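Counted the way our numbering counts, the sequence shown spans residues 12 to 135. No residue lacks a Cβ here, since even glycine has one placed at the ideal position from N, Cα and C. A quick note: this is a predicted structure, and the numbers were derived from the prediction, not measured.
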Amino acid sequence: MLDAPDANALFQSSIVRGNGLSIGDTIDQLDDIVTDVYGLHELALPSYSDQVLPFDITLAAANEYGAMCAGKILGVEILNEGSGISVDDAVSEASATFVARAIEPMQAVPSKFASVVGGEVLRA
């Protein structure tokens, strides 16, 4: 943490170095700290939805007859988000725009509950 009371000063002797090294330390001592990078960080929780790391979405669907299908959206990154409120029907909603690396299209999934998928009779 820097504590500089006068921002216009070129050199302020009251500035405190907070990384544990003094001004007289050598490069070798600094190298010991830099090579131990895992000790210098901590996990940060995202504050906004666009700070979330890329993720995958699996889409699954089934009807009342037991036919099923599934697809995937891979490498989703959220760009921005918005929300809206309707007083007419007491609804609040949220939306997000995103980009994705790849999309696997919806495909029929064999089910033990349905004997026909895509017009073909399945054999167990």
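Measuring alpha carbon to alpha carbon, tell me which residue in the options is nearest residue i.
i: residue 120; options: 100, 79, 91; result: 79
i: residue 118; options: 90, 71, 108, 107; result: 71
i: residue 59; options: 101, 92, 103; result: 92
Does the separation of the CB atoms of residue i and residue j fall below 7 Å?
i: residue 94; j: residue 105; result: yes
i: residue 122; j: residue 77; result: yes
Once the 5 residues before and after residue i are set aside, which same chain residues still bring their CB inside 6 Å of it?
i: residue 111; result: 84, 86, 87
i: residue 115; result: 82, 83
i: residue 103; result: 96
Hey, residue i and residue j are a contact pair by Cβ (cut 8 Å); roughly how many whole angstroms apart?
i: residue 108; j: residue 90; result: 5 Å
Skipping 5 residues on each side, what residues in its chain have a beta carbon closer than 7 Å to that of residue i?
i: residue 113; result: 85, 86
i: residue 63; result: 57, 89
Here's a check: name, in chain order, each residue in its chain whose Cβ is nearer than 8 Å to the Cβ of residue i, leaving out the five neighbours to either side.
i: residue 67; result: 83, 84, 85, 86, 87
i: residue 65; result: 86, 87, 88, 112
Quiz item: Considering only residues of the segment 53 to 113, which uninterrupted beta strand (DSSP E) runs meet the minimum length of 3 residues and lie entirely inside it, listed in chain order?
Solution: Within the segment 53 to 113, the complete beta strand (DSSP E) segments of 3 residues or longer fall at 66 to 73, 79 to 97, 102 to 110, listed in chain order.
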